[in-house]
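Residue numbers (my numbering): 147 to 638. Where a beta carbon is used, it is the ideal one built from N, C-alpha and C, also for glycine. Note that this is a predicted model, so its numbers are computed, not measured. To start, the structure itself, in structure tokens.
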């Protein structure tokens with residue numbers, strides 16, 4: 147009822163009433179919990195005991211079996227006791243009742259967590275020391291600490307068997323620096339006949355270089371943005387290029403012109419690969435899809451959707467899985483082209499997967515990211531091992547038939563690894579060419595030639611560098627400084 151009040155005054159009265167009731171409720175709540183203010187919630191005894199037992203087992207497992215303390219002569223014990231009494235007189239320590247209770251409670255908790263059922267413990271030790279085994283008593287000695295239990299020794303033995311000694315590889319050195327592009331060099335592809343290689347750049351051009359001499363043979367123009375990926379067909383005289391302009395082009399190298407366009411990507415295209423046995427082109431881009439094209443008819447055979455971010459790397463092979471894609475959503479997807487669907491999704495990486503390759507001789511593939519290089523087994527993507535140590539944003543990886551794995555990063559570092567063992571036998575820091583900034587030393591793309599004896603890297607200083615093995619190096623002049631690692635290998 148309005149009681150004859152105007153509407154605005156009635157609304158004000160209701161608001162004042164709500165404010166008064168809210169304030170009264172706050173006061174009641176404050177009075178209710180004032181007594182327990184700044185007090186901790188009571189701890190659950192069982193959970194606290196379990197936490198303490200786990201912590202003790204984790205931090206003190208290597209010193210659980212300690213030798214008994216050596217007995218001291220009576221005179222020395224008396225002297226120590228006198229010194230302790232003098233120190234007590236000099237130093238007064240005030241201990242409150244709460245601290246004493248807390249220490250007593252903690253001691254009880256430690257005793258309860260460390261004590262096992264049916265086990266007698268000596269005073270002051272977490273676990274009773276029983277001495278070395280009988281068959282090792284002579285070898286170990288009575289006063290020596292037994293470092294590892296039998297179970298731990300078995301684990302260490304099995305670990306040492308798993309660790310492979312790396313094969314010796316000759317170190318690599320810079321052979322040639324090629325200049326000619328006017329922008330960052332973002333992609334490279336080598337001719338199957340091993341006569342030339344092509345590079346794509348941020349200057350929107352594709353340049354063909356002679357592999358033997360490094361001289362420029364041809365410049366192809368047609369893209370209107372950065373050329374991000376290149377692929378050379380081993381069945382036709384075709385060169386395929388993709389770029390940030392959403393374009394996928396097919397170049398006829400006999401006529402040196404574009405003969406086909408593949409339309410369908412909704413944003414920039416970052417990577418491309420050619421199927422080795424079928425007339426299929428696979429491209430991946432910023433629209434989070436990988437698209438499969440029929441080279442001849444320009445038809446879009448499949449749209450491989452499932453990633454939630456850019457498809458930054460991909461590769462194709464004749465056996466299953468025929469297409470493998472890596473994305474900025476930190477996942478790798480293995481695709482079944484007969485169904486056009488995902489065969490498996492690998493989520494082990496914690497960073498964007500920017501590099502991908504298939505081993506030329508093994509039925510395996512490798513992925514590169516900022517957290518690790520990971521080796522996987524086909525066809526189901528079973529994780530095999532990590533290749534750790536390149537602590538940078540890895541943009542590209544390459545491998546040759548001699549099992550030399552190479553990774554290039556944003557900070558201009560190149561690491562050379564032994565494929566079998568994951569041992570880094572060489573790491574290099576490239577220098578930007580004169581006239582470039584010190585920060586322009588990133589490695590954006592790399593590829594081995596068909597023989598595996600030359601490595602081509604594309605860099606942010608607008609240059610192309612060619613590397614080769616040091617022919618004068620021997621195991622005597624460059625020994626393999628390898629020691630088994632004491633760190634456990636991560637199994638994921």
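Subject >> Helix, strand or coil at residue 165 [DSSP, three-state] >> reply: Translated into positions along the chain shown, residue 165 becomes position 19. When DSSP states are grouped into helix, strand and coil, residue 165 belongs to the helix group.
**OP:** Could you give the DSSP three-state label for residue 205: helix, strand or coil?
**Re:** Against the chain shown, residue 205 aligns to sequence position 59. For residue 205, the three-state secondary structure derived from DSSP is helix.
Original post:
Among 570, 616, 613, which has the Cα closest to the Cα of residue 627?
Top reply: Working through the chain shown from its first residue, we reach residue 627 at position 481. Ranking the options by Cα distance to residue 627, first place goes to 570.
Subject >> Burial state of residue 338 (16 or more Cβ within 10 Å) >> reply: By 1-based counting over the chain shown, the position of residue 338 is 192. Per the 10 Å Cβ criterion, exposed.
Original post:
Counting only runs that start and end within the region 524-588, where is the beta strand (DSSP E) found for 3 or more residues in a row?
Top reply: Entirely contained in the region 524-588, the beta strand (DSSP E) runs reaching 3 residues are, in chain order, 528-533, 540-545, 550-555, 559-564, 570-575.
Subject >> Status (buried if at least 16 other CB within 10 Å, exposed otherwise) for residue 322 >> reply: Numbered from its first residue, the chain shown carries residue 322 at position 176. With fewer than 16 Cβ atoms within 10 Å of its Cβ, residue 322 is classed as exposed.
**OP:** Quick one: give me the first and last residue of the beta strand (DSSP E) that residue 502 is part of.
**Re:** Looking up residue 502 in the chain shown gives position 356. Taken as a continuous stretch (DSSP letters only), the beta strand (DSSP E) holding residue 502 covers 499-504.
**OP:** Name the two residues that bound the continuous beta strand (DSSP E) containing residue 441.
**Re:** In the chain shown, residue 441 corresponds to position 295, counting from 1. That residue, residue 441, is in no beta strand (DSSP E); it is neither H nor E in DSSP.
Subject >> residue 546 classed as buried or exposed, judged by whether at least 16 other C-beta atoms fall within 10 angstroms >> reply: For the purposes of this step, residue 546 is taken as residue 400 along the chain shown, with counting starting at 1. Residue 546 comes out buried.
**OP:** Following the continuous beta strand (DSSP E) through residue 315, name the residue where it begins and the one where it ends.
**Re:** Against the chain shown, residue 315 aligns to sequence position 169. Membership of residue 315 in any beta strand (DSSP E) is not indicated, and neither H nor E is assigned to it by DSSP.
Original post:
Can you tell me whether DSSP reads residue 175 as helix, strand or coil?
Top reply: Indexing the chain shown from 1 puts residue 175 at position 29. The three-state secondary structure of residue 175, taken from DSSP, is helix.
Subject >> Supposed close pair residue 395, residue 413 - CB separation, criterion 8 Å >> reply: Within the chain shown, numbered from 1, the residue matching residue 395 stands at position 249. Within the chain shown, numbered from 1, the residue matching residue 413 stands at position 267. That pair is no contact at about 16 Å.
Original post:
Measuring CB to CB, does residue 611 end up less than 8 Å from residue 603?
Top reply: By one-based count along the chain shown, residue 611 stands at place 465. By one-based count along the chain shown, residue 603 stands at place 457. If you check the CB distance, residue 611 and residue 603 come in under 8 Å.
**OP:** Starting from residue 403, follow the beta strand (DSSP E) in both directions and report where the run begins and ends.
**Re:** In the chain shown, counting from the first residue as 1, residue 403 sits at position 257. Start and end: 403-407.
Subject >> C-alpha distance - residue 332 paired with residue 418, whole-angstrom precision >> reply: On the chain shown, position 186 is the one that residue 332 refers to. On the chain shown, position 272 is the one that residue 418 refers to. Note on geometry: alpha-carbon atoms of residue 332 and residue 418 lie some 13 Å from one another.
Subject >> Proximity to residue 492 [Cα-Cα], best of 508, 167, 512, 486 >> reply: Translated into the one-based positions of the chain shown, residue 492 becomes position 346. Minimum Cα-Cα distance from residue 492 among the listed residues 508, 167, 512, 486 corresponds to 512.
Original post:
Within the 8 Å Cβ cut-off, does residue 559 reach chain B?
Top reply: Among the chains of the structure shown, chain B does not appear; only one protein chain is present.
**OP:** Give the range of the beta strand (DSSP E) segment to which residue 446 is assigned.
**Re:** Position 300 of the chain shown, counted from the start, is the residue given in the question as residue 446. Per DSSP, the unbroken beta strand (DSSP E) holding residue 446 starts and ends at 446-451.
**OP:** Taking the CB atoms as reference points, tell me whether residue 536 and residue 498 lie closer together than 8 Å.
**Re:** Taking the first residue of the chain shown as position 1, residue 536 is located at position 390. Taking the first residue of the chain shown as position 1, residue 498 is located at position 352. By the CB criterion at 8 Å, residue 536 and residue 498 fall outside the cutoff.
Original post:
Is it right to say residue 592 is buried, meaning 16 or more other beta carbons lie within 10 angstroms of its own, or is it exposed?
Top reply: Here residue 592 refers to the residue found at position 446 when the chain shown is read from its first residue. Its Cβ being crowded by 16 or more others within 10 Å, residue 592 is buried.
Original post:
Which class does residue 235 belong to by DSSP, given the choice of helix, strand or coil?
Top reply: One-based indexing of the chain shown puts residue 235 at position 89. Confidence is the limiting factor: at residue 235 the pLDDT is only 49, short of 50, which leaves the residue's position unreliable and the question unanswerable from this model.
**OP:** Quick one: give me the first and last residue of the beta strand (DSSP E) that residue 461 is part of.
**Re:** As a working note, residue 461 is residue 315 in the chain shown. First-last of the beta strand (DSSP E) with residue 461: 457-462.
**OP:** Assign residue 626 to one of three DSSP states: helix, strand, or coil.
**Re:** Locating residue 626 in the chain shown gives position 480, where the first residue counts as 1. The DSSP-derived three-state label of residue 626 is coil.
**OP:** Tell me whether residue 196 sits in a helix, a strand or coil according to DSSP, three-state version.
**Re:** Walking along the chain shown from the start, residue 196 turns up at place 50. The three-state reading of DSSP puts residue 196 in helix, counting H, G and I together.
Original post:
Going straight from the alpha carbon of residue 343 to that of residue 378, what length do you get?
Top reply: As a first step, residue 343 is located in the chain shown; it is residue number 197 there, counting from the start. As a first step, residue 378 is located in the chain shown; it is residue number 232 there, counting from the start. Separation of residue 343 and residue 378 (C-alpha to C-alpha, rounded to the nearest whole angstrom) is 9 Å.
Original post:
Helix or strand or just coil, what does DSSP make of residue 350?
Top reply: By 1-based counting over the chain shown, the position of residue 350 is 204. In this structure, residue 350 counts as coil in the three-state DSSP scheme.
Original post:
If we count the other Cβ atoms within 10 Å of its Cβ and call it buried at 16 or more, is residue 594 buried or exposed?
Top reply: In the chain shown, the residue the question calls residue 594 occupies position 448. It is buried - the Cβ of residue 594 has at least 16 other Cβ atoms within 10 Å.
Original post:
Between the C-alpha atoms of residue 517 and residue 534, what's the straight-line distance to the nearest angstrom?
Top reply: Position 371 of the chain shown, counted from the start, is the residue given in the question as residue 517. Position 388 of the chain shown, counted from the start, is the residue given in the question as residue 534. One C-alpha to the other measures close to 8 Å.
Original post:
In or out: residue 408 buried (at least 16 other Cβ within 10 Å) or exposed?
Top reply: Residue 408 sits at position 262 when you count from the first residue of the chain shown. Using a 10 angstroms sphere on the CB of residue 408, the tally of other CB atoms reaches 16 or more, which defines it as buried.
Original post:
From residue 618 to residue 442, what does the alpha carbon distance come to, in whole angstroms?
Top reply: Along the chain shown, read from residue 1 onward, the residue named residue 618 stands at position 472. Along the chain shown, read from residue 1 onward, the residue named residue 442 stands at position 296. In a straight line, the C-alpha of residue 618 is about 48 Å away from that of residue 442.
Original post:
Between residue 328 and residue 608, which are expected to be in contact by the criterion C-beta below 8 Å, what is the C-beta distance as a whole number of angstroms?
Top reply: One-based indexing of the chain shown puts residue 328 at position 182. One-based indexing of the chain shown puts residue 608 at position 462. With 8 Å as the limit, residue 328 and residue 608 qualify as a contact, their Cβ atoms being about 7 Å apart.
Original post:
If you run the structure through DSSP and keep just helix, strand and coil, what is residue 332?
Top reply: As a first step, residue 332 must be located in the chain shown, where it is residue number 186. In the structure shown, residue 332 sits in a strand (DSSP, three-state: E or B).
Subject >> Neighbour-count burial assignment, residue 420, 16 or more Cβ in a 10 Å radius >> reply: Numbered from its first residue, the chain shown carries residue 420 at position 274. It counts as buried.
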